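2 protein chains.
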Amino acid sequence: MRRILKKILKKSPSSNQDGVFFEKISQILGFKPNTLKYYEKAFTHRSANKLDEKGNPISYERLEFLGDAMLGSVIAAHLYNKVPTGDEGYLTKMRSKIVSREHLNELGRDFKLVQFVESKVNPSHFGDNIHGNIFEAFIGAIYLDKGFEYCEKFIHEKIIKQYVNIERLEGKVISYKSLIIEWCQKEKKSFRFDVFEDNGKEGIKYFGVKLFIDEEVVSKARATSKKKAEETASKRAFFALQDLIEKKQ
Amino acid sequence: MRRILKKILKKSPSSNQDGVFFEKISQILGFKPNTLKYYEKAFTHRSANKLDEKGNPISYERLEFLGDAMLGSVIAAHLYNKVPTGDEGYLTKMRSKIVSREHLNELGRDFKLVQFVESKVNPSHFGDNIHGNIFEAFIGAIYLDKGFEYCEKFIHEKIIKQYVNIERLEGKVISYKSLIIEWCQKEKKSFRFDVFEDNGKEGIKYFGVKLFIDEEVVSKARATSKKKAEETASKRAFFALQDLIEKKQ
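Taken in sequence, the protein lines are chains C and H.
FYI, UniProt numbering numbers position 108 of the first sequence as 108, with every residue one higher than the one before it.
FYI, UniProt numbering numbers position 54 of the second sequence as 54, with every residue one higher than the one before it.
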């Protein structure tokens with residue numbers, strides 16, 4: 001009896017943890033995962049020294065390879081359909097921009113994936129690429145868990161729609177701020193940035209910005225310069241308003 | 001009436017051609033295509049100066065980009081599942097070998113895709129890479145026509161099962177001929193190569209080889225040296241007998 005109780009007690013916190021993990025992952029995915037272990041693997045750093053049931057080491061690196069390939073083919077298909085006039089060179093160049101290390105790091109950071117990393121080393125010591133690496137591994141996990149179509153759906157809904165602006169990538173849009181200002185003027189809407197300063201953890205000064213359109217907050221951002229914060233806030237507003245802007249243009 | 005007859009007469013040869021093309025493509029695919037125009041595009045060289053209904057130039061180059069991406073992700077998933085002990089570096093290296101220019105050219109040649117090429121220039125002037133390029137474009141066409149799952153199915157059935165031997169790629173197998181000889185000795189089967197010579201079109205000497213196992217022809221090959229022809233015949237026999245060999249080992 002005591003042994004059974006012990007087992008229950010032992011199992012219970014892990015189940016709770018799984019429950020929280022399941023909920024958080026579902027929220028990011030926009031659908032429910034089938035098999036959590038793929039996602040757990042996507043966040044397991046080599047230093048955690050974990051082994052699978054066959055004794056093979058578990059780490060996100062193999063999934064990163066898989067996710068990179070899936071991301072590459074979904075973006076390829078998107079560009080192929082979206083830009084019927086683009087030749088092979090154009091398509092290759094545009095895909096490189098979308099799946100650049102910098103962009104993948106940004107995505108990983110925005111999805112706050114680093115919170116899930118299991119490692120013997122503090123993830124803050126891994127450098128910036130950890131964000132992009134686990135982001136790719138996460139895509140690989142989606143493929144293993146739900147197949148190509150879900151993987152494609154996730155990349156469309158959560159990445160392409162919200163982060164991929166072809167005109168911007170082509171260099172036609174100079175800044176999102178000018179795009180937002182232009183649109184507000186055209187639509188006869190008032191706009192203003194509300195800026196405040198604060199100090200970050202290591203004494204670094206941050207600028208926080210709120211973008212108001214017709215006196216409503218549409219986006220927020222925080223960066224080490226006022227200009228950067230305004231641009232990021234404008235970018236967020238742009239993607240939030242994208243449908244509206246595209247319809248009006 | 002005459003105009004209608006003219007129309008019918010005009011249409012008829014093209015329909016017949018489409019019928020032949022449809023049959024040949026179905027045979028290569030192992031299933032029936034839905035939309036032939038994707039496959040037509042996969043074989044249209046830039047020099048044919050064809051335009052689509054919107055006036056955009058048609059050529060296989062854009063499809064090549066798409067097919068390359070699809071092939072890359074299917075091979076990535078195959079390797080991920082097939083070699084659970086391989087790390088990211090191993091997987092990347094193995095994939096590069098499978099999708100090497102040389103290998104893709106071989107595949108394009110074996111599928112005899114060049115017969116479909118539409119061009120103002122004789123395809124023999126394009127050099128060897130035409131085979132690999134249209135092979136990739138063909139994969140792209142399958143994706144557009146039938147979606148990822150069919151694309152994956154085709155790559156598994158027609159490429160991985162018949163051309164991808166991981167041990168060989170790892171350099172563990174020195175030659176297919178020695179593999180076949182070893183297997184025959186182990187299985188107590190007789191084997192012999194039957195060699196004949198002939199002259200090719202431009203006076204080049206060719207060696208034709210038939211491989212007999214237990215006095216039955218299991219494969220044939222033709223090459224510019226006896227050694228090469230025997231190796232190719234052995235390779236074909238190996239893939240034909242693969243299931244059997246793997247079960248017995």
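In this text, a Cβ means the ideal position worked out from N, Cα and C, and glycines have one as well.
All values derive from a computational prediction rather than experimental measurement.
Check, Outcome
"Limits of the unbroken beta strand (DSSP E) element including SER178 (chain C)", "First-last for SER178 (chain C): 176-186, but that is the alpha helix (DSSP H), not the beta strand (DSSP E)."
"Assigned secondary structure, THR85 (chain C) (DSSP; H/G/I helix, E/B strand, else coil)", "coil"
"Neighbour flag for ARG101 (chain C) against chain H, beta carbons, 7 Å", "no"
"Contact belief for SER59 (chain C) with HIS45 (chain C) at Cβ below 8 Å, rounded distance in angstroms", "6 Å"
"Three-state secondary structure assigned by DSSP to ASN199 (chain H)", "strand"
"Selection from H:LEU169, H:GLU215 and H:PHE239 that minimises the alpha carbon distance to SER190 (chain H)", "H:GLU215"
"Proximal residues, the stretch 81-113 of chain H versus chain C, C-beta separation under 7 Å", "PRO84, THR85, ASP87, GLU88, LEU91 and THR92"
"Three-state secondary structure assigned by DSSP to residue 256 (chain C)", "Residue 256 (chain C) cannot be examined here, being either before or after the span of chain C that is shown, 1 to 249."
"Which listed residue (C:PHE238, C:GLU61 and C:VAL74) has its alpha carbon closest to that of LYS153 (chain C)", "C:VAL74"
"Local conformation of PHE207 (chain H) per DSSP, three classes", "strand"
"7 Å Cβ cut-off: residues of chain H touching SER73 (chain C)", "ALA69, MET70, GLY72 and SER73"
"Test item: CB-CB of ASP128 (chain C) and ASN105 (chain C) under 7 Å", "yes"
"Inter-residue Cα distance where the pair is LYS50 (chain C) and PRO57 (chain C)", "6 Å"
"Test: LEU66 (chain H) CB closer than 7 Å to a CB of chain C", "yes"
"Residue-level contact to chain C via CB, ALA76 (chain H), 7 Å cutoff", "yes"
"Straight-line Cα distance separating PHE238 (chain H) from LYS161 (chain H)", "11 Å"
"ILE134 (chain H) CB to nearest heavy atom of the ligand SAH below 6 Å", "By its list of ligands, the structure shown contains no ligand whatsoever, and the ligand SAH lies outside what it can speak to."
"Supposed close pair HIS131 (chain C), GLY108 (chain C) - CB separation, criterion 8 Å", "3 Å"
"Coil, strand or helix - PHE31 (chain C) by DSSP", "coil"
"Coil, strand or helix - LEU5 (chain C) by DSSP", "Note that LEU5 (chain C) scores a pLDDT of 39, beneath 50, so its modelled location is shaky; the value from the coordinates is reported in the next line. In the structure shown, LEU5 (chain C) sits in a helix (DSSP, three-state: H, G or I)."
"Cβ neighbours of PRO13 (chain H) in the same chain (closer than 6 Å, five flanking residues each side left out)", "The predicted position of PRO13 (chain H) is uncertain, since its pLDDT is 42 and thus under 50; a value taken from the coordinates is nonetheless stated next. So the list is empty, once near-sequence residues are dropped."
"N- and C-terminal bounds of the alpha helix (DSSP H) containing residue 253 (chain C)", "Limits of chain C in this structure are 1 at one end and 249 at the other, which puts residue 253 (chain C) out of reach."
"Among H:GLU64, H:GLU53, H:ILE28 and H:GLU230, the one whose alpha carbon lies nearest that of ASN133 (chain H)", "H:GLU64"
"TYR39 (chain C) versus GLN242 (chain C) - alpha carbon distance", "31 Å"
"Distance between beta carbons of LEU66 (chain C) and GLY140 (chain C), contact taken as under 8 Å", "4 Å"
"Paired residues, beta bridge with ASP18 (chain H) - DSSP", "According to DSSP, which records beta bridges pairwise, ASP18 (chain H) is partnered with nothing at all."
"Interface residues of chain H facing ASN56 (chain C) [CB-CB closer than 8 Å]", "PRO84 and THR85"
"Burial state of ILE159 (chain C) (16 or more Cβ within 10 Å)", "buried"
"Sequence-distant residues of its chain with Cβ nearer than 6 Å to ILE155 (chain H) (five each side left out)", "VAL74"
"Boundaries (first-last residue) of the alpha helix (DSSP H) holding HIS131 (chain C)", "129-146"
"Where LYS50 (chain H) falls: helix, strand or coil (DSSP)", "strand"
"THR224 (chain H) - DSSP class collapsed to helix/strand/coil", "coil"
"Short CB-CB distance (under 7 Å) between ARG62 (chain H) and chain C", "yes"
"Per DSSP, cross-strand counterpart(s) of PRO57 (chain C)", "C:LEU51"
"Close-in-space but distant-in-sequence residues of the same chain around MET1 (chain C) (CB under 6 Å, 5 per side omitted)", "Any reading at MET1 (chain C) needs caution, since the residue's pLDDT is 42, under 50, leaving its predicted position unreliable; the model's value is listed next. Answer for MET1 (chain C): no residue qualifies."
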